[in-house]
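Please read the structure below before turning to the comments.
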Amino acid sequence: MSLEPGSYYFCACGRSANLPFCDGTHQGSGVEPFTVDIAEPKTVAICACHQSTNRPFCDGTHKSLTAE
């Protein structure tokens, strides 16, 4: 995903209708979105397995997950 400079709010609750971005659905749940400030244009990979140690960004953890 290409991001331009600015602040971004990524969904942490999994309920957003606008994934991977937060749409406020989390309100009242105690979960807060991931806030990311981008200083210069960059391309990033967003974590979809929810296991990354660098959320909301992908760190490749999904490669070592086993199906359960």
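No gaps in the numbering here: position 51 of the sequence shown is 51 in full-length UniProt numbering, and each next residue is one more.
Glycine included, every Cβ here is placed at the ideal spot set by N, Cα and C.
Here the structure is a predicted model, which is why all the values come from computation and not from measurement.
Quiz item: Name the DSSP bridge partner or partners of V36?
Solution: DSSP, once it has assigned bridges, lists Y8 as partnering V36.
Quiz item: Cβ of V36 within 8 Å of Cβ of A12?
Solution: Taking 8 Å as the Cβ cut-off, V36 and A12 do not qualify as a contacting pair.
Quiz item: In the DSSP assignment, what are the bridge partners of L3?
Solution: According to DSSP, L3 bridges with K42.
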